[in-house]
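Basically this note's numbering = 1-based index in the sequence shown + 8. Glycine included, each C-beta is placed from N, C-alpha and C at the ideal position. Quick caveat, the model's predicted, so the values are computed rather than measured. These notes concern the structure reproduced below.
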Amino acid sequence: MRLSLFAWRPFAVALMIAAFGAGPSAAQAAEKRGQVTNLPLPRYVSLKTGEGNVRRGPSLSHRIDWVFKRRDMPLQITAEHGHWRRVQDRDGAGGWVHYALLSGVRTVLVENDMLQVHSRPDENAPVIAAFELGVIARLGDCDPSWCNISSGGYSGWAPKKHLWGVAPDELRD
């Protein structure tokens, strides 16, 4: 039988706090972890293949709702169940895919047409290239406002707010 902390009597809770401390910090409690991988949820990954079946539930017996067809497309994992990951794309569409179809290689989707990519993380830095709306770019380093991205042989810095596939508060180096 499984009891939640709230099912215990108040004195038992007081004894637990006295014996083990008040529990995890607010930051630790706020960060949800996957039951299978113990990695943070939600998190971003990319589609490893050119086609990936998206199912209603976490098994081969569940119906295929649609097929993702863009290799390297960034996806957000929102849940885990065995070898299956519930994912969603930039538009919130998603379902369950087998983990073998996913890659830890990080990519982003350009959300601004003709997004200027700069030589440094600075609006006044020289523009190296302009990426069209919907371009998938490989994600590199990120500071609080900018990310280094590369696609089509071009690499540079773009404002993070114009990219989908990276959390607003995410830092990478």
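- Excluding its 5 nearest sequence neighbours in each direction, residue 42 has C-beta neighbours in its own chain below 7 Å: 49, 88, listed in chain order.
- Rounded to whole angstroms, the separation of the alpha carbons of residue 133 and residue 108 is 40 Å.
- Residue range 102-106 is occupied by the beta strand (DSSP E) that includes residue 103.
- Beta-bridge partners assigned by DSSP to residue 164: 157.
- CA-to-CA, the gap between residue 164 and residue 149 works out to about 10 Å.
- Listed in chain order, the non-local C-beta contacts of residue 95 below 6 Å within the same chain comprise 83, 85, 102, 105, local neighbours out to five positions each way being set aside.
- Secondary structure within the stretch 50-115: the beta strand (DSSP E) runs of 3 or more consecutive residues, fully enclosed, are 51-55, 60-63, 72-76, 82-89, 92-96, 102-106 (chain order).
- Cβ contact annotation for residue 138 (same chain, cutoff 8 Å, sequence separation greater than five): 122, 123, 124, 125, in chain order.
- Take residue 145, set aside five residues on each side of it, and the residues of its chain with a beta-carbon closer than 7 Å to its own are 115, 116, 118, 139, 157, 158, 159, in chain order.
- Taking the Cα positions, residue 79 is about 30 Å away from residue 130.
- Apart from sequence neighbours up to five positions away, the residues of its chain that approach residue 91 with a beta-carbon distance below 7 Å are 106, 107, ordered along the chain.
- Judged by beta-carbon spacing, residue 99 lies beyond the 9 Å limit of residue 76, meaning their Cβ atoms are not closer than that value.
- By the criterion of a C-beta distance shorter than 7 Å, residue 112 is surrounded in its chain by 53, once the five residues flanking it on both sides are discounted.
- A direct Cα-to-Cα measurement between residue 68 and residue 40 gives close to 27 Å.
- DSSP places residue 126 inside the beta strand (DSSP E), whose first and last residues are 123-126.
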